[in-house]
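Here the structure comes first, spelled out in structure tokens, and everything after it is commentary.
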């Protein structure tokens, strides 16, 4: 009896741990933000100078707002990668006109949908998410997961929609979808 | 854009200079008008080309060669092209490879590359003087190591004379090295001949992405004095780099056998001091948005001890001088990443051996290589690389003997190669590479034709195929399995192919030493399985590997052949010969870690056992010259501005055949242990001082069949600006 209960407890713990890990891995961590910003240095033509990086969140969604807060914190007053400086600007998914002027958008998990993808594509904005499903569905240009190993997915469809091009060496090192 | 530009120019020029149609009588005016129109067209086209060119040059452009630093920062691990020719993360590379980073080099405390490489399991570093080294891989240790190809930024620095690398004469500042990529196993399918058992590619900092100045000066025992400096300047237009440096020291003054003939007229005690001078200049220019041009010039000269495998590991002194020039283009196009590269190496080698230093010979070699390749993705899961290469090499020789020959061996190679990487699933990948080499050879100089080989023997063709095939499986992001097959090609050296010398022994008889143009290339094949696992709980990576390797058509040193008659005198002929086969097997276990507390470690054990065919054992004895067991342990700790690193190394015994002038004798070297260490202190943002030492456990250590090496202690000061 004890053995059976113990087995169930173990299985439940593993399942809970796996689910927690999956959820945690989908959140944008500071490392994801850094990897996303670094991937921009392989764009053709390269981005340089001070660039507005929108942070798209779903208002009223606690997880999305927290994720947006974490991204904003990671970007600080301006994240410098080589000759590029990313300046954060929070944009509500309800007011996508706020994307105007941005060239990059970090999209929180709850905010990634077709409407955001379309609005970003119209403005040739490079969208970055920590949710692999986002690039898989063609809703984001880049999806990043950074633990335990940095994995980058690039959506060919989203690249085409946003008129974005990456260097050949970079594309050979990432998963193209 | 390049294509557009060149086709526009080509059309304009062809239009302008196409021969006009024959003018009919009385139609001179029409002809004049047509000519004027064509001149106007040509002028306009030329103007357009110039305007487009100037516009392109004026654009803020981005260089397109691989930015190793940015990719390493992005992926959190080094990136390499050494495994397949295409960019890959080192953890995913389909080869047994190790990357030594700039941090590893600094912490080693070494000011020469072979000492740094001695920390890699599976490599045998044999030392025959203060700056004389040979590096073997997976056994087959010998002087003038022919199985390991060595490149600097893709340019061959391996010398084709004896098929070897003169480690004392590389035109590179060790502080300018970004990473050293070491691939163990046949790599000829990618790099060509002589990457038969492995390849070492030294990657320096690209001035288009890295700027700054680094200067190092080192003083030490053996009166060692070195200075090295590199300045890099980058801008939106690209970058330029200038490196220069040199070494002076005394040779080890350890006891030597009578046949260690590293004696020169200036130093009859066998202690010709090693020297090195080098300078290199390179530039990378962003010509257009996706087009980058690069150029490089190097000059280097050195003096060091030399051990000669064509003459049963006899020892002498070499004075080498080398120039190189290189140019290339990288174009990130809609057809993929296209690159072309051409370089010329001119090398002058003077060998002084045979005990007196009065007798020796010199060689002049040219190597010209032109390569073009395209890498592109097919769909989302296939990467293709296709390449064409033309290679020319020649060899001239002059002897300081009584009868002078003037051989001039010329070899041309055309190669086609391809790589196909198939990402079967997220967890499985299949990589394949194949290369076909076609060689033509001729003797363009003056050789004796009454010996064993004449001009007709030189006029022939050879073909060879190299291949690699590897399956990788990564069931988790922490576990990687690899299983692979490789087939490598090792060409005979230019000396084995083309040497020519007749020595007159007082009019009684002659010794006729000849190159053998009929030698077959040595074919090296291997099977290997590797497993690596990231162990997060130990902040470590565990790597294990097993291999089996077999070699056919092994070439022996110059052996006695038939007696021939030259100028009415009997002559004993000597030439290199294919003498059979050999095989070896072994493996490695390595645990490498880096804890956030600042402690790092690297413990490894490697084993290799070589079994020679009977004739190979008699004339070369790889199975005796290869140490079977290596144990290495490195421990380091960083805290604040301090770095402490130490290493211990144990190697088991060897028996190497050596020439005693009359007989070939086996020389036994017992197992030995050595200790090395470094203490570094960064006393400002710019300056670091370090105290380091090698072979610290005893005053002198017998590490090979050559004279023992001494304890070395160095103090260095490095400035970075």
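Residue numbers (our numbering), protein chains in the order written: chain A, 502 to 678; chain B, 70 to 790. For every residue, glycine included, the Cβ atom is placed at its ideal position computed from N, Cα and C.
Would you mind reading off the limits of the beta strand (DSSP E) that contains residue i?
i                      : result
residue 270 of chain B : 267-273
residue 673 of chain A : Here residue 673 of chain A belongs to no beta strand (DSSP E); instead the alpha helix (DSSP H) covers 669-674.
residue 152 of chain B : Where residue 152 of chain B is concerned, there is no enclosing beta strand (DSSP E), given that its DSSP letter is neither H nor E.
residue 629 of chain B : 628-635
residue 370 of chain B : 360-377
Leaving out the 5 sequence neighbours to the left and right, which residues in its chain are closer than 6 Å to residue i when beta-carbon positions are compared?
i                      : result
residue 774 of chain B : 725, 727, 736, 738
residue 309 of chain B : 276, 302, 352
residue 589 of chain B : 622, 647
residue 316 of chain B : 295, 345
residue 639 of chain B : 578, 632
residue 568 of chain A : 528, 529, 609
residue 151 of chain B : 250, 252, 270
In terms of alpha-carbon separation, which member of the options lies closest to residue i?
i                      : options                    : result
residue 635 of chain B : B:369, B:580, B:624, B:675 : B:580
residue 539 of chain A : A:651, A:678, A:673, A:659 : A:651
residue 414 of chain B : B:608, B:239, B:716, B:623 : B:239
residue 558 of chain A : A:610, A:674, A:632        : A:610
residue 343 of chain B : B:498, B:659, B:235        : B:235
residue 782 of chain B : B:285, B:293, B:248        : B:293
residue 551 of chain A : A:657, A:614, A:603, A:667 : A:603
residue 475 of chain B : B:502, B:597, B:532, B:567 : B:567
residue 162 of chain B : B:231, B:503, B:600        : B:600
residue 776 of chain B : B:412, B:319, B:326, B:618 : B:326
residue 300 of chain B : B:291, B:281, B:314        : B:281
residue 273 of chain B : B:244, B:158, B:522        : B:244
residue 209 of chain B : B:712, B:746, B:695        : B:695
residue 134 of chain B : B:354, B:168, B:455        : B:354
residue 257 of chain B : B:611, B:681, B:560        : B:560
Residues of chain A with CB under 8 Å from residue i, in chain order?
i                      : result
residue 43 of chain B  : Lying before the first or after the last residue shown, residue 43 of chain B is absent from chain B, which here runs from 70 to 790.
residue 666 of chain B : Chain A residues near residue 666 of chain B: none, gap ~19 Å exceeds 8 Å.
residue 147 of chain B : Correct list: empty, because the minimum Cβ distance to chain A is about 12 Å.
residue 417 of chain B : Within 8 Å Cβ-Cβ: nothing; residue 417 of chain B doesn't reach chain A, min ~37 Å.
residue 155 of chain B : 673
residue 444 of chain B : 669, 673
residue 358 of chain B : 545, 546
Kindly list, in the order they appear in chain A, the residues whose Cβ is closer than 9 Å to that of residue i.
i                      : result
residue 401 of chain B : 545, 668, 669, 670
Is residue i near residue j, with beta carbons less than 8 Å apart?
i                      : j                      : result
residue 481 of chain B : residue 509 of chain B : yes
residue 710 of chain B : residue 669 of chain B : no
residue 557 of chain B : residue 535 of chain B : yes
residue 765 of chain B : residue 784 of chain B : no
residue 655 of chain A : residue 626 of chain A : no
residue 155 of chain B : residue 444 of chain B : yes
residue 268 of chain B : residue 217 of chain B : yes
residue 177 of chain B : residue 188 of chain B : yes
residue 630 of chain B : residue 614 of chain B : no
residue 663 of chain A : residue 601 of chain A : no
residue 259 of chain B : residue 409 of chain B : no
residue 220 of chain B : residue 271 of chain B : yes
residue 693 of chain B : residue 733 of chain B : no
Considering just the uninterrupted stretch of the alpha helix (DSSP H) at residue i, what are its terminal residues?
i                      : result
residue 685 of chain B : 683-688
residue 623 of chain A : 615-623
residue 544 of chain B : First-last for residue 544 of chain B: undefined, no H or E at that position.
residue 566 of chain A : 563-576
residue 185 of chain B : 182-186
residue 383 of chain B : That residue, residue 383 of chain B, is in no alpha helix (DSSP H); its beta strand (DSSP E) goes 383-402.
residue 534 of chain A : 531-540
residue 626 of chain A : First-last for residue 626 of chain A: undefined, no H or E at that position.
Output, in chain order, the set of chain B residues within a Cβ distance shorter than 8 Å of residue i.
i                      : result
residue 649 of chain A : 546, 547, 603, 605
Which chain A residues are close to residue i, counting only those with a beta carbon under 7 Å from its beta carbon?
i                      : result
residue 158 of chain B : 674
For a contact meaning CB atoms closer than 7 Å, what does residue i contact in chain B?
i                      : result
residue 572 of chain A : Those do not exist, as residue 572 of chain A stays about 18 Å from chain B at its closest Cβ, beyond 7 Å.
residue 536 of chain A : 143
Which residues in the same chain as residue i place their Cβ atom closer than 7 Å to its Cβ, once the five residues preceding and following it in sequence are excluded?
i                      : result
residue 503 of chain A : In this prediction, residue 503 of chain A scores a pLDDT of 44, lower than 50, which makes its location untrustworthy; the coordinate-derived value is nonetheless stated afterwards. Excluding residues within five positions, none has a Cβ falling inside 7 Å.
residue 668 of chain A : 543, 545
residue 678 of chain B : 653, 654, 655, 697
residue 620 of chain A : 597, 600
Show which residues of chain B have a CB atom less than 9 Å away from the CB atom of residue i.
i                      : result
residue 634 of chain A : Here the premise fails: no neighbours, minimum Cβ distance about 14 Å.
residue 678 of chain A : 449
residue 658 of chain A : The premise fails here: residue 658 of chain A is roughly 11 Å from chain B at the closest Cβ pair, so nothing lies under 9 Å.
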